[in-house]
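Enquirer: At position 25 of the sequence shown (counting the first as 1) the number is 25 in UniProt numbering, and the numbers step up by one without a gap. Just so you know, even glycine gets a beta-carbon here, dropped at the ideal spot from N, CA and C. Owing to the predicted nature of the structure, the values given are computational and were not obtained by experimental measurement.
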Amino acid sequence: MLRTARPRHYLMCRPTHFDVTYSINPWMRPEKLTEPGIAVTQWERLRQTLTGLGHQVELIDPLPGLPDMVFAANGATMIDGTVLSAKFRHEQRAPEGPAYADWFAARGYRVHHAEFVNEGEGDYLFTGKRLLAGTGFRTTLRSHEEAAELFGHEVVGLTLVNPRFYHLDTALAILDDDEIMYYPAAFSVGSRARLAELYPDAVIATDHDAEVFGLNAVSDGRNVVMAEQAVGLAAQLRERGYVPVGVELSELLKSGGSAKCCTLELRSVEAAS
Ligand code: ARG
1 MLRTARPRHY LMCRPTHFDV TYSINPWMRP EKLTEPGIAV TQWERLRQTL TGLGHQVELI
61 DPLPGLPDMV FAANGATMID GTVLSAKFRH EQRAPEGPAY ADWFAARGYR VHHAEFVNEG
121 EGDYLFTGKR LLAGTGFRTT LRSHEEAAEL FGHEVVGLTL VNPRFYHLDT ALAILDDDEI
181 MYYPAAFSVG SRARLAELYP DAVIATDHDA EVFGLNAVSD GRNVVMAEQA VGLAAQLRER
241 GYVPVGVELS ELLKSGGSAK CCTLELRSVE AAS
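If you want it as structure tokens, here you go:
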């Protein structure tokens with residue numbers, strides 16, 4: 001099958017202040033050495049990979065004291081030009097919510113300031129017609145209701161049960177409007193059944209591919225940018241006509257993040273029409 005890429009618009013944040021100084025997920029071990037210089041180099045390559053594929057990348061200024069701000073996906077959720085701000089579960093990341101909201105407001109976007117805890121596209125993945133919404137560790141069910149009201153799209157709540165896969169985007173990726181890939185073991189029994197019903201032909205990740213964060217991927221409908229260690233997923237994607245594009249993001253994985261975590265999709269009204 002021939003796949004067509006649609007050019008995308010992303011927001012990213014250079015990991016100038018990246019470090020692992022606290023632990024809010026099982027990947028984060030502050031006692032281990034991080035090499036922020038390597039994080040910047042790896043992140044630069046990710047950015048160049050995306051621009052090289054024809055995508056537009058905007059940048060937000062990194063703020064000192066916010067070592068996780070590189071994970072732009074958590075900064076907000078934007079659909080059809082409307083922005084739902086993020087409201088972080090943990091106080092260490094709380095100031096990132098207003099920082100990202102200000103970026104959008106300064107550019108004239110309508111920002112709805114979230115009432116309930118949600119971590120942006122970490123837990124909200126938009127397929128083009130429905131919003132897949134994670135809960136269990138970070139984003140709350142109340143937020144799912146808030147998002148449904150705000151965006152006016154169907155919201156499908158999915159419960160995560162394994163703390164290593166604490167955000168939806170660590171366990172599931174949208175490949176195209178009607179195609180996804182995911183790791184069933186990260187979800188509750190009920191959510192697994194719901195996913196199987198909605199996406200009977202989904203790509204299923206092995207334990208290995210999930211553990212190297214291969215599902216934390218950025219797809220434009222043809223090219224799928226993801227951790228190069230996810231070789232099983234890459235083979236499955238190739239069989240379906242996608243083009244896997246491997247990137248090395250080992251430094252960011254020390255904080256529990258990879259390619260998708262670093263990119264927030266800007267879906268303006270123009271892009272939607
Ligand atoms: N250390 C960050 C946290 O635990 C990593 C966030 C990764 N972002 C993502 N979209 N999954 O909050």
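Return yes when the C-beta of residue 162 is under 8 Å from any heavy atom of the ligand ARG, and no when it is not.
Expert: Against the sequence shown, residue 162 aligns to sequence position 162. Residue 162: no, Cβ never under 8 Å from the ligand ARG.
Enquirer: According to DSSP, is residue 231 helix, strand or coil?
Expert: Reading the sequence shown from its first residue, position 231 is the one you call residue 231. The answer is helix: DSSP assigns residue 231 an H, G or I state.
Enquirer: Which residues mark the beginning and the end of the beta strand (DSSP E) in which residue 82 is found?
Expert: Position 82 of the sequence shown, counted from the first residue, corresponds to residue 82. Start and end: 82 to 85.
Enquirer: Among 230, 188, 243 and 22, whose alpha-carbon lies nearest the alpha-carbon of residue 92?
Expert: Along the sequence shown, read from residue 1 onward, the residue named residue 92 stands at position 92. When only C-alpha atoms are compared, the closest one is 22.
Enquirer: Using DSSP with H/G/I as helix, E/B as strand and the rest coil, what is residue 100?
Expert: Along the sequence shown, read from residue 1 onward, the residue named residue 100 stands at position 100. Of the three classes helix, strand and coil, the one that applies to residue 100 here is helix, per DSSP.
Enquirer: Is residue 256 near the ligand ARG, with its Cβ less than 8 Å from a heavy atom?
Expert: To locate residue 256, count along the sequence shown from 1; it is residue 256. Within the cutoff, so yes.
Enquirer: In terms of residue numbering, what span does the alpha helix (DSSP H) encompassing residue 209 cover?
Expert: Sequence index remark: in the sequence shown, residue 209 carries index 209 (1-based). Element bounds for residue 209: 207 to 211.
Enquirer: Taking just the CA atoms, how far does residue 14 sit from residue 4?
Expert: Translated into the one-based positions of the sequence shown, residue 4 becomes position 4. Translated into the one-based positions of the sequence shown, residue 14 becomes position 14. Their Cα atoms are separated by approximately 29 Å.
Enquirer: When you compare only the Cα positions, how much space is there between residue 10 and residue 258?
Expert: Position 10 of the sequence shown, counted from the start, is the residue given in the question as residue 10. Position 258 of the sequence shown, counted from the start, is the residue given in the question as residue 258. The C-alpha of residue 10 lies about 15 Å from the C-alpha of residue 258.
Enquirer: Could you compute how far the alpha carbon of residue 272 sits from the alpha carbon of residue 76?
Expert: Here residue 272 is taken as the residue at index 272 of the sequence shown, counted from 1. Here residue 76 is taken as the residue at index 76 of the sequence shown, counted from 1. Here the model assigns residue 272 a pLDDT of 43, short of 50, so the residue's position is not dependable, and the following value carries that caveat. Residue 272 and residue 76: Cα-Cα distance of roughly 18 Å.
Enquirer: Output the distance between the C-alpha atoms of residue 261 and residue 197, rounded to the nearest integer angstrom.
Expert: If you number the sequence shown from 1, residue 261 lands on position 261. If you number the sequence shown from 1, residue 197 lands on position 197. Residue 261 and residue 197: Cα-Cα distance of roughly 27 Å.
Enquirer: Beta-carbon separation of residue 267 and residue 179 under 9 Å?
Expert: As a position in the sequence shown, residue 267 is number 267, starting the count at 1. As a position in the sequence shown, residue 179 is number 179, starting the count at 1. Contact annotation: residue 267 and residue 179 have beta-carbon atoms that are not nearer than 9 Å.
Enquirer: From this set, 212, 17, 172 and 246, which residue's C-alpha is nearest residue 202's C-alpha?
Expert: By 1-based counting over the sequence shown, the position of residue 202 is 202. The shortest C-alpha separation from residue 202 is found at 172.
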